[in-house]
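Take a look at the structure set out below.
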Amino acid sequence: MTTFADLGLSQKVNSAVADAGYTVPTPIQAGAIPPALQRRDILGIAQTGTGKTASFVLPMLTLLETGRARARMPRTLILEPTRELAAQVAENFEKYGKNHRLNIALLIGGVSFDEQDRKLERGADVLICTPGRLLDHCERGKLLMTGVEILVIDEADRMLDMGFIPDIERIAKLIPFTRQTLFFSATMPPEIQKLADRFLQNPVRIEVAPPSSTAKTVTQRLIASNGKDYEKRAVLRDLIKAQDDLGYLKNAIIFCNRKKDVADLFRSLERHGFSAGALHGDMDQRSRTTMLHNFKEGNLQLLVASDVAARGLDIPDVSHVFNFDVPIHAEDYVHRIGRTGRAGRSGRSFTIVTRHDTKYLDAIEKLIGEKIEWQDGDLTALPAESEGSDNGRDRRGKGRGRERDRDRKRDRQPAPAVTEAVTAPANEDNGEEVVAAEARSTSVKAERKTERKSRDEARPSRQNAPANDDHRERRRYRDHDDGPTPVGFGDDIPAFMLIVANAKS
DNA sequence: AAAAAAC
Numbered sequence: 001m002t003t004f005a006d007l008g009l010s011q012k013v014n015s016a017v018a019d020a021g022y023t024v025p026t027p028i029q030a031g032a033i034p035p036a037l038q039r040r041d042i043l044g045i046a047q048t049g050t051g052k053t054a055s056f057v058l059p060m061l062t063l064l065e066t067g068r069a070r071a072r073m074p075r076t077l078i079l080e081p082t083r084e085l086a087a088q089v090a091e092n093f094e095k096y097g098k099n100h101r102l103n104i105a106l107l108i109g110g111v112s113f114d115e116q117d118r119k120l121e122r123g124a125d126v127l128i129c130t131p132g133r134l135l136d137h138c139e140r141g142k143l144l145m146t147g148v149e150i151l152v153i154d155e156a157d158r159m160l161d162m163g164f165i166p167d168i169e170r171i172a173k174l175i176p177f178t179r180q181t182l183f184f185s186a187t188m189p190p191e192i193q194k195l196a197d198r199f200l201q202n203p204v205r206i207e208v209a210p211p212s213s214t215a216k217t218v219t220q221r222l223i224a225s226n227g228k229d230y231e232k233r234a235v236l237r238d239l240i241k242a243q244d245d246l247g248y249l250k251n252a253i254i255f256c257n258r259k260k261d262v263a264d265l266f267r268s269l270e271r272h273g274f275s276a277g278a279l280h281g282d283m284d285q286r287s288r289t290t291m292l293h294n295f296k297e298g299n300l301q302l303l304v305a306s307d308v309a310a311r312g313l314d315i316p317d318v319s320h321v322f323n324f325d326v327p328i329h330a331e332d333y334v335h336r337i338g339r340t341g342r343a344g345r346s347g348r349s350f351t352i353v354t355r356h357d358t359k360y361l362d363a364i365e366k367l368i369g370e371k372i373e374w375q376d377g378d379l380t381a382l383p384a385e386s387e388g389s390d391n392g393r394d395r396r397g398k399g400r401g402r403e404r405d406r407d408r409k410r411d412r413q414p415a416p417a418v419t420e421a422v423t424a425p426a427n428e429d430n431g432e433e434v435v436a437a438e439a440r441s442t443s444v445k446a447e448r449k450t451e452r453k454s455r456d457e458a459r460p461s462r463q464n465a466p467a468n469d470d471h472r473e474r475r476r477y478r479d480h481d482d483g484p485t486p487v488g489f490g491d492d493i494p495a496f497m498l499i500v501a502n503a504k505s
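Counting with full-length UniProt numbering, you get residues 1 to 505 for the letters of the first sequence.
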């Protein structure tokens with residue numbers, strides 16, 4: 001059997017891999033690492049979850065051992081479609097590069113330029129970027145791309161979906177022709193093939209089977225619901241409680257199709273006393289980072305997310321995926337449920353289906369080539385909807401305030417006082433702002449510390465994400481649900497909370 | 001019917 005030791009990686013890399021507990025490479029790793037070490041171009045066709053990231057990180061670390069970075073001239077460049085994925089790749093470099101002394105710079109949007117700039121000035125061996133921020137740095141003249149030896153284009157098909165290809169082409173033009181290019185995509189539609197032909201020279205092609213399109217380790221079920229959001233939320237809560245009572249629920253990602261619904265559902269779950277976080281692209285980057293971090297650490301049991309979290313995020317041991325909405329694109333279903341049942345573990349997925357979703361459900365079942373079982377009866381078993389059909393436009397219009405009231409009346413669970421105070425003034429117009437504020441409220445202690453620090457340190461960075469003792473603080477704060485006064489702030493209550501609390505009483 | 005990404 002092939003082991004990592006057979007692949008030609010350096011001693012430093014092999015020892016970091018062994019420390020991480022790995023001995024046997026995955027097929028994409030076994031296929032890509034040897035030719036990558038020989039400076040060949042690579043065309044890797046692989047989904048996330050196949051060990052793809054290590055298949056470029058490990059050979060890059062080995063190749064980077066000779067030579068040094070010069071100021072503003074990065075030696076390697078990795079392009080990722082989302083900020084979270086970029087951060088995850090950076091973590092991989094830290095983990096497997098622990099025996100190296102490499103400068104790794106993460107260039108993503110939503111955070112301060114200054115620190116990124118300082119890293120560039122020092123000379124970066126590895127640059128991990130989302131396209132927009134990289135181009136921004138280039139346009140400011142802060143970056144010279146003529147020294148790039150290795151270019152990695154990751155998740156190319158997703159880059160295409162997101163309209164990043166023109167940016168990628170602009171970036172590639174700045175990099176010498178003599179570079180080595182590693183190109184990864186989960187699928188190879190004609191546009192991607194054309195792109196690969198332009199970017200790659202005589203590549204080694206490695207294609208690995210998707211881990212059986214929908215992982216066999218995931219038990220999938222459908223739940224019928226009427227179309228009203230408040231009904232779906234009640235169905236979801238019952239489902240979560242039932243899975244928890246059975247002892248199955250460790251943690252869950254709950255997917256919504258829209259950012260606004262992520263915000264609404266998150267608020268609702270918090271109001272009902274669940275331990276929940278939110279993640280979508282309109283949240284400020286600090287909240288995004290904090291939420292993901294807290295979910296990974298187990299400080300939040302539920303993560304309500306948009307499809308920003310559907311692909312590639314590596315959160316080991318997620319027990320459940322709930323689809324609050326049926327995804328519009330069938331492939332997204334596969335990506336979403338792929339967040340659970342990872343690394344051979346078992347996982348469960350539940351998808352809430354309404355009468356409006358049947359054609360999307362059909363497309364999903366066609367794509368995965370099987371019928372998904374209903375948990376308790378299909379749509380025909382539902383009582384008729386009370387107020388006629390509910391389409392999306394209706395839901396967003398005038399009927400909405402009434403629904404909100406009814407939703408509240410349905411369940412009399414007391415909500416934590418602080419959360420209630422913060423969420424009370426939610427309305428159509430400031431929904432997203434409230435989410436940002438809530439994201440803060442769940443980590444007030446942590447953020448107070450970093451804010452204090454940041455007065456001296458220009459702007460806070462990812463590295464300033466809350467440390468472990470802060471989580472314990474927050475949990476105590478979250479579980480405290482008696483008394484109308486915000487508790488846990490000392491005499492340092494943020495102004496926005498005081499306003500809200502006073503307005504309420 | 002959406003989401004993602006630069007300021």
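Positions of the beta carbon are idealized from the N, C-alpha and C atoms, including for glycine.
Bear in mind that the values here come from a model prediction, so they are computed numbers and not experimental data.
Residue ranges of each beta strand (DSSP E) run of no fewer than 3 residues wholly in the region 218-260, ordered along the chain?
-> Fully contained in the region 218-260 are the following beta strand (DSSP E) runs of length 3 or more, in chain order: 218-224, 252-255.
Cutoff 8 Å; reference Ser-15; Cβ partners in own chain excluding five residues on either side = The beta carbon of Ser-15 sits closer than 8 Å to those of Asn-99, all from its chain and outside the five residues before and after it, given in chain order.
Between Val-111 and Ala-71, what straight-line distance do the alpha-carbon atoms span, to the nearest angstrom?
-> Near 21 Å, if we compare the C-alpha coordinates of Ala-71 and Val-111.
Locate the alpha helix (DSSP H) running through Gln-29, then write down its first and last residues.
-> Counting along the chain, the alpha helix (DSSP H) containing Gln-29 begins and ends at 27-37.
6 Å CB neighbourhood of Phe-56 in its chain, flanking five on each side removed | Cβ contact annotation for Phe-56 (same chain, cutoff 6 Å, sequence separation greater than five): Val-152, Leu-182, in chain order.
Among Thr-50, Val-204, Val-334, which has the Cα closest to the Cα of Ala-32?
-> The closest CA to that of Ala-32, considering only Thr-50, Val-204, Val-334, is found on Val-204.
Look at the Cβ atom of Gln-220, then the Cβ atom of Ser-349, and state whether they are nearer than 7 Å.
-> Closer than 7 Å, so yes.
CB-CB under 7 Å to Ala-156, same chain, minus the five flanking residues each way: which ones, in chain order?
-> Excluding sequence neighbours, Ala-156 sits near Phe-183, Phe-184, Ser-185, Ile-192, Leu-195.
Per DSSP, the bridge partner or partners of Gly-277 | Beta-bridge annotation (DSSP): Gly-277 is paired with Leu-303.
Among Glu-231, Leu-64, Val-308, nearest to Cys-256 - alpha-carbon criterion = The shortest CA-to-CA distance from Cys-256 to any of Glu-231, Leu-64, Val-308 is the one to Val-308.
Are the beta-carbon atoms of Pro-27 and Val-208 separated by less than 7 Å?
-> With contacts defined as CB atoms closer than 7 Å, Pro-27 and Val-208 qualify as a contacting pair.
Look at Arg-188 and Ile-337 and say whether their C-beta atoms are less than 7 Å apart.
-> Just to set this straight, residue 188 is Met in the shown sequence, not Arg. Their beta carbons are not under 7 Å apart, which means Met-188 does not touch Ile-337 by this criterion.
Can you tell me the Cα-Cα spacing of Gly-312 and Ala-54, whole angstroms?
-> Using only the alpha carbons, I get a separation of about 13 Å.
Straight-line gap, Leu-7 to Ala-30 (C-alpha atoms, nearest Å) = Near 7 Å, if we compare the C-alpha coordinates of Ala-30 and Leu-7.
Evaluate Gly-401 with the Cβ neighbour count: other Cβ atoms within 10 Å of its Cβ, from every protein chain shown; 16 or more gives buried, anything less gives exposed.
-> Bear in mind that the predicted position of Gly-401 carries a pLDDT of just 39, short of 50, making it unreliable; the figure below should be weighed with that in mind. Flag for Gly-401 reads exposed.
Alpha carbon to alpha carbon, how far is Lys-250 from Ile-42? Give it in angstroms, no decimals.
-> Distance between the alpha carbons of Ile-42 and Lys-250 is about 38 Å.
Give the single residue among Gly-163, Arg-170, Leu-102, Leu-64 whose Cα lies nearest to the Cα of Leu-134.
-> Comparing Cα positions, the closest option is Arg-170.
Using DSSP with H/G/I as helix, E/B as strand and the rest coil, what is Ala-20?
-> If DSSP states are grouped into helix, strand and coil, Ala-20 belongs with coil.
Measuring CB to CB, does Leu-361 end up less than 7 Å from Ala-224?
-> Cβ distance not < 7 Å, so Leu-361 and Ala-224 don't count as in contact.
Given Gly-247 as reference, the closest of Pro-176, Arg-288, His-320 once Cα atoms are compared = Residue His-320 is the option with its Cα nearest to Gly-247.
Looking at the structure shown, is residue 506 part of a helix, part of a strand, or coil, going by DSSP?
-> Nothing can be reported for residue 506, as the shown portion of the chain is limited to 1 through 505.
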